[in-house]
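Engineer: FYI, the numbering for the sequence shown is 1 to 306, going by the numbering used here. No residue lacks a Cβ here, since even glycine has one placed at the ideal position from N, Cα and C. No experiment lies behind these values; they were computed from the predicted model shown.
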Amino acid sequence: MPYAELKQDATSVRASTGTPATGLLDIDPVTFRGCFDRRPFLIGHALTNHPLFEISRLMRLCRSLPESSVEYNAGNIPISVDPKRTPGNGLSAEETIRRIAQCRSWLVLKYVEQDPEYRALLHDCLAEVAWQSESLRPGMFLEQGFIFLSSPGSVTPYHMDPEHNFLLQIRGSKRIHMFDGRDRSVLSEEELEQFYRGGHRNLAYPTNGNRRGWTFDLSPGFGLHFPVTAPHYVRNGEEVSVSFSITFRTPDLKRRRLVHIGNAFLRRRGFRPRPAGMHPRYDFLKYLAFGAISRIHQFFGGGGPS
Ligand SMILES: [Fe+2]
Numbered sequence: 001m002p003y004a005e006l007k008q009d010a011t012s013v014r015a016s017t018g019t020p021a022t023g024l025l026d027i028d029p030v031t032f033r034g035c036f037d038r039r040p041f042l043i044g045h046a047l048t049n050h051p052l053f054e055i056s057r058l059m060r061l062c063r064s065l066p067e068s069s070v071e072y073n074a075g076n077i078p079i080s081v082d083p084k085r086t087p088g089n090g091l092s093a094e095e096t097i098r099r100i101a102q103c104r105s106w107l108v109l110k111y112v113e114q115d116p117e118y119r120a121l122l123h124d125c126l127a128e129v130a131w132q133s134e135s136l137r138p139g140m141f142l143e144q145g146f147i148f149l150s151s152p153g154s155v156t157p158y159h160m161d162p163e164h165n166f167l168l169q170i171r172g173s174k175r176i177h178m179f180d181g182r183d184r185s186v187l188s189e190e191e192l193e194q195f196y197r198g199g200h201r202n203l204a205y206p207t208n209g210n211r212r213g214w215t216f217d218l219s220p221g222f223g224l225h226f227p228v229t230a231p232h233y234v235r236n237g238e239e240v241s242v243s244f245s246i247t248f249r250t251p252d253l254k255r256r257r258l259v260h261i262g263n264a265f266l267r268r269r270g271f272r273p274r275p276a277g278m279h280p281r282y283d284f285l286k287y288l289a290f291g292a293i294s295r296i297h298q299f300f301g302g303g304g305p306s
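(1) I need the straight-line Cα distance from residue 48 to residue 108, nearest angstrom please.
(2) What's the gap between the Cα of residue 31 and the Cα of residue 279?
(3) Quick one: Cα of residue 233 to Cα of residue 221, how far?
(4) For residue 132, count neighbouring Cβ atoms within 10 angstroms of its own Cβ and tell me buried if that reaches 16, exposed if not.
(5) Determine the burial state of residue 145: buried for a count of at least 16 other Cβ atoms within 10 Å of its Cβ, exposed for fewer.
(6) Looking at ligand 1, does it come within less than 7 Å of residue 161, judged from the CB to the closest heavy atom?
(7) So which of 165, 188 and 183 has the shortest CA-CA distance to residue 212?
(8) Going by DSSP, what residues sit across from residue 249 in a beta bridge?
(9) Just mark residue 102 as buried or exposed, buried being the case when its beta carbon has 16 or more other beta carbons within 10 Å.
(10) Please classify residue 55: does DSSP put it in a helix, a strand, or coil?
(11) What first and last residue would you give for the alpha helix (DSSP H) that runs through residue 30?
(12) Between residue 232 and ligand 1, is there a pair consisting of the residue's CB and a ligand heavy atom that are separated by less than 7 Å?
(13) If you follow the alpha helix (DSSP H) that residue 129 is in, where does it begin and where does it stop?
(14) In chain order, what are the residue ranges of uninterrupted beta strand (DSSP E) at least 3 long that sit wholly in the segment 195-219?
(15) Going by the CB atoms, is the gap between residue 153 and residue 73 shorter than 8 Å?
(16) Once DSSP output is grouped into helix, strand and coil, what is the label at residue 289?
(17) Buried or exposed: residue 283, going by 16 or more other Cβ atoms within 10 Å of its Cβ?
Next up, the structure:
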């Protein structure tokens, strides 16, 4: 079905549910309210045939982005990878896109909002998310978009991300394995502290077998919500995959980050800090204290408490 018809179709669905929207996403409000930033859940979208995701347009986007906004490497890697040992693929970024079907690679175009057309699409999509999220987590800011291109069978290693994220599958399929980031047998306080102090997003895949998790097979027209810092890895299907990640932050994430940084500060000085999220009063005190210390460090040109 052409994109214009899909969009029209989605718009009529939205009209029937009474939610004002641009008709790009299809989000169940009850599921959103129950699961946002807690558990992954599926949504629908109408971007499958959108012209901004054609390979020729993506190559033009790639040429226009600064080098620092294009990351790519070999995609035939294990799920647990030391970031310093991630192998390259020996091609240019444009060549990687052109040969994505054969070159066994993984490429991401970062901060695609630098291009006005992608920025408009990102904001249209996130306006629909904000309709649901503002009552739960007000203050959406730092809206950012990422486009992933992956060769058949390529792997995105086990990692976590710092932002609210919806991954919209445009072309091909992905199998996504996600784990509960609130479960400390899955993700330890120390790993969170290391991450928020600027450590790499890749994680060592744990070997303990008793882990709560979910598996989703994502196909075109569907999207998946990734709760903040929920560890996951992704295995591509047998075709080229193109997906669009729409992300944003909320002020509570700043507070969460500061509490983890504060706990890291205390732990390195021999204390055993109370885990973040367990005691709101202690979290608030840490947020006030380490927020103030962080501002003083920044005033004097430092990078914050460490
Ligand atoms: Fe991710």
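Structural biologist: Taking the coordinates as given:
(1) 18 Å
(2) 27 Å
(3) 20 Å
(4) buried
(5) buried
(6) yes
(7) 183
(8) 141
(9) exposed
(10) helix
(11) 29-35
(12) yes
(13) 116-133
(14) 213-218
(15) no
(16) helix
(17) buried
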